[in-house]
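Engineer: I'd like to ask you about the structure that follows.
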RNA sequence: GCGCGAGUGGCGGAAUUGGCAGACGCGCUGGACUUAGGAUCCAGUGGGGAAACCCGUGGGGGUUCGAGUCCCCCCUCGCGCACCA
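Numbering (the working numbering), first residue to last: 99 to 1059.
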């Protein structure tokens, strides 16, 4: 079946294949959806703005998937609707086109990724345009365009040139930090941390904390290191999954549980490598706090909170027996300090080597070597059994009085303690921590009780709040007593005591780690960084941006022997002439950074670029940013974030949205953007799934090999009955629906309508090909309402003699419903309301032209092509152009009130019948009318009325007995 | 294990602050128009029953005149996190 092929059909019937290309060409030619910027011709500053944005796609080789148009249709409907309501609408589209698939394809076929990327973009653009989305295509951007990524690099330089000032609570120029250090308002602690100079030397112990260094004591190089270590973009040695055979670093997900690469099954080594990091942890607090006012799905907010993982506790310093060393630990339960019976260091902890006694050295060395080799994934995935080894050393718990034997606890090494969280060391309280208890049980370590559960539960393994006991036990001497205190009070008391003694401090700890920002890849943004032997990493001057990605003819990573010690050589090392350059600072020899940025980089700020996509002087002009990004809620109050509505799948709930928020906050601190948040309202569309059919062996069978009969699906070749189940669409399950096919068979308007009609936008729902004709038929009926399919003239019903009041009433009801549903994004029920109207109008003998006109305006955002066509035909000589900016119809509430209403009558809570009463009927009238009803009387026959509940206009319930 | 969300006809899904469960669409049944129909139009369609009626929103309890909706317990499915001290 195809739109053109119905020979039986009248030539004047609804033909999407004629209508849709016509209007797409019209919109393009007239630039109907071009949005003017402030200062441009045609810009109307008196209109409020509406910025509605889709998660821009990665243009894959496979083309559009039916999942894409789901969100895109929703945003398009709203964009069209808001235009009709008089707002200036910013509705752009672009491409997140750097990334691995294009590069892998390049490696396999030796095609330049730029070529494949351009090809894929062209295909995507064509497919999207065929769906009639009202994007302002003049704003199209691609993250791979040097005119775009020059500003991605520019933002990176801002990160490089700023630090997070803890006192100010915001990013400040790195020069300010230098001034603070010079003036010794800040000094460097032994661990590199910066603290206020005034705090040093005033501690009750007198004297300066050992290891404290002042700016004037530092060499040139040391000073540079201190500065570099505090930039928002900095280089650090971090453990990565290094696969020498593939010549690249792998993400955790790309490593198997056996510690081998998923692709090729090569060995992967955990090793420290110098990588670019972004200091997102400095913003952890603000990223968490600012979630509250956002109009986002709670699930996404909670996932982000979870990811940031803020927890309150204390840092406590333990001594080491027979040594000057101390071990700092982080705990959320300082109230259980008396229950610490041993201590655990992460295998990577810097003190492991030093503390281990000769007798234990061999065992520890072996254990650490094993643990370090394992990937993080395999270390956490095999959580079944705890492993560890004793170092031979003992720690001293600071809460006990001097000479108290219980202060001495053994120090173990175990990989259940992670180096990446807290200090990489813990005090183990097996009495009240599940993991510690498991470990203690396994290795026969003592377990003591220090918390009494309030509900009389078993204390062993109790991790909740209770009352402190044995803290210290009777007869023992301790520096601080907690017995009898409720857990929160005990925490407070011990933390205060630790602070007073200089043995610890209250601390907020985050699970969030700094963002690993380097990739050993080709197809990404080059870093605007030059490495100089003398000056270290130096930023490329702004006027030399963009640092263009050099062309290569070989994208293959350099494969090495399976040797962990080989240095990675990203593909860019082959661009020898590009790599060698001069240091912008000293003019000496410099080498360009060989890594590229991860593909999250470009998507971190594209929403800003859409506001001003061709600006050559700045990522976005102040004016454009202020107009498009400063939002107001419906009640007029300023919105916390700029984009009015951001729609996409839930798969980016954490990373993309967190990274973009982070960049936005930095730009906010620097004064480049006006709002603290980028996206005021976020909406996640649900996943569209589809039936997948399998034969008896479980082999997936494609739709084109299936014979769909009344009683089920059968394989055509074998006649075997197949089992179907709704599953995620995937190539391997052979259940992928191609939107092109749907468009070919039913048209873009039907595809749009069907995707919106399937169910709530946020719900995951199955695609059912049999349901598509339903919405198609609706459009056909709408067509026949306007056009006589026999003659091609306007329907004879239009303007015919006959009453049209009922239609008018139905129309107002429809306007109300559609308007209200659009406001809350309930597209499915809005469509069913329009279907009801069309059904009623189809049945009517006469309908007025203005009534159909108003209906078409309602339909236009959903099915814009057919609406434009019918609008043109209906207006005839009055037609002046597209309906895209016609005013949205209004409804008269007075018309909606019925003069008489039907009310349900219940007897003992069960429906007994219905009665009709005048609209404003009072309780008495409702009651008497109900009691008089014959059916109702029959129900209550012979029984006494005990009580009558009347909700005027809704229901009467008669209680009898 | 922890967190979040969801269970309503043969199917997708509707149901204001608790107030006529099943809107709308698919499918199905019957009819009309037709050389024809996988088109269109009309009527019907939660289950049981000839009917009167009875039963029905995952299961069990509760609150209420009245519960898909509120409370408690349980089951199933989906998603996220998962040794974070």
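Positions of the beta carbon are idealized from the N, C-alpha and C atoms, including for glycine.
Locate the alpha helix (DSSP H) running through residue 880, then write down its first and last residues.
Structural biologist: Counting along the chain, the alpha helix (DSSP H) containing residue 880 begins and ends at 870–884.
Engineer: Just confirm the distance between the C-beta atoms of residue 282 and residue 258, as a whole number of angstroms; I'd bet it's less than 8 angstroms.
Structural biologist: That pair is no contact at about 25 angstroms.
Engineer: What's the gap between the Cα of residue 636 and the Cα of residue 262?
Structural biologist: Cα to Cα, the separation comes out at about 19 angstroms.
Engineer: Is residue 254 helix, strand or coil by DSSP?
Structural biologist: Helix, per DSSP.
Engineer: Identify whether residue 436 lies in helix, strand or coil by the three-state DSSP scheme.
Structural biologist: Three-state DSSP puts residue 436 in a helix.
Engineer: In its own chain, which residues sit with a C-beta less than 6 angstroms from the C-beta of residue 622, not counting the 5 before and 5 after it?
Structural biologist: Closer than 6 angstroms at Cβ, skipping near neighbours: 196, 694, 695.
Engineer: Quick check: what's the CA-CA separation for residue 145 versus residue 247?
Structural biologist: C-alpha separation (whole angstroms): 32 angstroms.
Engineer: Taking the beta strand (DSSP E) that residue 630 falls in, what are its first and last residues?
Structural biologist: 627–630 is the span of the beta strand (DSSP E), which, as asked, contains residue 630.
Engineer: Going straight from the alpha carbon of residue 358 to that of residue 274, what length do you get?
Structural biologist: So the alpha carbons of these two residues sit roughly 46 angstroms apart.
Engineer: Under DSSP, the alpha helix (DSSP H) around residue 195 begins and ends at which residues?
Structural biologist: No alpha helix (DSSP H) contains residue 195, which DSSP labels as neither H nor E.
Engineer: Return the CA-CA distance between residue 972 and residue 892, expressed in angstroms with no decimal places.
Structural biologist: Cα-Cα distance, rounded: 7 angstroms.
Engineer: Thinking C-alpha only, which one of 138, 708, 429, 855 is nearest residue 603?
Structural biologist: Considering only alpha carbons, the answer is 429.
Engineer: Could you check the C-alpha separation between residue 928 and residue 612 for me, to the nearest Å?
Structural biologist: Taking the straight line from one Cα to the other gives about 45 angstroms.
Engineer: Relative to the C-alpha of residue 484, which candidate in 537, 995, 365 has its C-alpha closest?
Structural biologist: Taking only the C-alpha atoms, the option nearest residue 484 is 537.
Engineer: Can you tell me where the alpha helix (DSSP H) with residue 458 in it begins and where it stops?
Structural biologist: Taken as a continuous stretch (DSSP letters only), the alpha helix (DSSP H) holding residue 458 covers 456–471.
Engineer: What is the DSSP secondary structure of residue 386, reduced to helix, strand or coil?
Structural biologist: Three-state DSSP puts residue 386 in a helix.
Engineer: One question on the structure: do residue 293 and residue 439 come within less than 8 angstroms of each other, judged by their Cβ atoms?
Structural biologist: It is not a contact, given that the beta carbons lie outside the stated cut-off.
Engineer: Inspect the beta-carbon positions of residue 378 and residue 151 and report whether they are closer than 8 angstroms.
Structural biologist: No, these two residues do not count as a Cβ contact at 8 angstroms.
Engineer: Tell me residue 603's beta-bridge partners as DSSP assigns them.
Structural biologist: DSSP output for residue 603 lists 413 as bridge partner(s).
Engineer: Is it true that the segment 565–575 meets the segment 583–600, where meeting means three or more beta-carbon pairs spaced less than 8 angstroms apart?
Structural biologist: Touching, per the Cβ criterion.
Engineer: Per the DSSP calculation, residue 566 is bridged to which residue(s)?
Structural biologist: In the DSSP output, where bridge partners are listed per residue, residue 566 has 549.
Engineer: Exposed or buried, what is residue 895 when buried is set at 16 or more other beta-carbons lying within 10 Å of its beta-carbon?
Structural biologist: Counting Cβ neighbours within 10 Å, residue 895 comes out buried, since at least 16 surround it.
Engineer: Secondary structure at residue 931, three-state DSSP: helix, strand or coil?
Structural biologist: Three-state DSSP puts residue 931 in a helix.
Engineer: Going by C-alpha distance, which of 837, 491, 751, 531 is nearest residue 449?
Structural biologist: Nearest C-alpha to residue 449: 491.
Engineer: Along the chain, where does the alpha helix (DSSP H) that runs through residue 325 open and close?
Structural biologist: Segment 318–326, the alpha helix (DSSP H) holding residue 325.
Engineer: Can you give me the start and stop residues for the alpha helix (DSSP H) that residue 835 sits inside?
Structural biologist: Where residue 835 is concerned, there is no enclosing alpha helix (DSSP H), given that its DSSP letter is neither H nor E.
Engineer: Whose C-beta lies closer than 8 angstroms to the C-beta of residue 714 among residues of the same chain, with five residues either side of it excluded?
Structural biologist: Cβ within range, chain order: 245.
Engineer: Buried or exposed: which applies to residue 558, given that a residue is buried once 16 or more other Cβ atoms fall within 10 Å of its Cβ?
Structural biologist: Exposed, by the Cβ-count rule.
Engineer: Based on Cα-Cα distance, which residue from 470, 372, 407, 494 lies nearest to residue 425?
Structural biologist: Measuring from the Cα of residue 425, the nearest candidate turns out to be 494.
Engineer: Suppose contacts are defined by Cβ-Cβ distances below 8 angstroms. Is residue 980 in contact with residue 124 by that definition?
Structural biologist: Result yes, Cβ atoms of residue 980 and residue 124 sit closer than 8 angstroms.
Engineer: Just reading off the alpha helix (DSSP H) that residue 404 is part of, what are its end residues?
Structural biologist: That run of the alpha helix (DSSP H) goes 396–406.
Engineer: Using alpha carbons as the reference points, say which of 1032, 906, 198 lies closest to residue 949.
Structural biologist: The shortest Cα separation from residue 949 among 1032, 906, 198 belongs to 906.
Engineer: Can you list, in chain order, the residues of its chain whose CB lies under 8 angstroms from that of residue 455, leaving out five sequence neighbours each side?
Structural biologist: These residues qualify, in order along the chain: 489, 490, 491.
Engineer: In the DSSP assignment, the beta strand (DSSP E) including residue 524 goes from what residue to what residue?
Structural biologist: Element bounds for residue 524: 523–526.
Engineer: Residues bridged to residue 47 by DSSP?
Structural biologist: Coverage of the chain is limited to positions 99 through 1059, which leaves residue 47 absent and any answer about it impossible.
Engineer: Tell me, to the nearest whole angstrom, how far the beta carbon of residue 933 is from that of residue 957; I am working on the premise that it is less than 8 angstroms.
Structural biologist: Contact flag wrong, Cβ pair sits at about 11 angstroms.
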